[in-house]
Amino acid sequence: MQYVNIELDKPRRIRFDTNALCDAEEALGVGIGAMMNQQMGFRAIRALLWAGLRWEDRGLTLERTGRLMQQFLENGGGFDALAEKVTSALLASGLFKTQGDEGNGEAEAAT
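Going by numbering that gives the first Met the number 0, 68 is the number at position 69 of the sequence shown; the sequence numbering is gapless.
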């Protein structure tokens, strides 16, 4: 399973599997398909980042994830860069293939 590296309070890796996506959907009260079809704001990025980081840090909370995002932004990272990391991890998961997708199933993770 592919992941995307991100520098927050420490080097972390965002990775999505079905459980992570279910966690994000539950936190937001909306399906991932609906999220992907609209511009995602802070709330959606926070929930997705939280869900994507929990595989390595099960004690991570939404509130703590918000503080990590704030720290990222205060240290010069932009919201677009943060959203791009989350989106790259979603695509690297391989969970969003369509019937016409071809290839060997390997995704390239962004760093």
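Just so you know, even glycine gets a beta-carbon here, dropped at the ideal spot from N, CA and C.
DSSP state of residue i mapped onto helix, strand, coil
i                : result
arginine 66      : helix
lysine 84        : helix
threonine 60     : coil
glycine 32       : helix
phenylalanine 95 : coil
Proximity below 8 angstroms, CB of residue i to CB of residue j
i             : j                : result
valine 3      : alanine 88       : yes
leucine 61    : alanine 46       : yes
leucine 48    : aspartate 8      : no
leucine 72    : phenylalanine 15 : no
methionine 34 : alanine 82       : no
isoleucine 31 : glutamate 25     : no
According to DSSP, residues forming a beta bridge with residue i
i            : result
isoleucine 5 : Arg11
Whole-Å CB distance - residue i paired with residue j, under 8 angstroms assumed
i             : j           : result
isoleucine 13 : lysine 96   : With a Cβ gap of about 19 angstroms, isoleucine 13 and lysine 96 do not count as contacting.
aspartate 22  : arginine 63 : That belief does not hold up - the Cβ atoms of aspartate 22 and arginine 63 are roughly 15 angstroms apart, past 8 angstroms.
Residue i, buried or exposed, once every other Cβ within 10 Å from all chains shown has been counted against 16
i           : result
alanine 43  : buried
arginine 51 : Before going on, a small fix: residue 51 reads as glycine here, not arginine. Per the 10 Å Cβ criterion, buried.
arginine 57 : exposed
Cβ-heavy atom distance, residue i to the ligand SAM, below 7 angstroms
i           : result
arginine 42 : Absence of the ligand SAM from the depicted structure is noted, as is the absence of any ligand whatsoever, leaving it without description.
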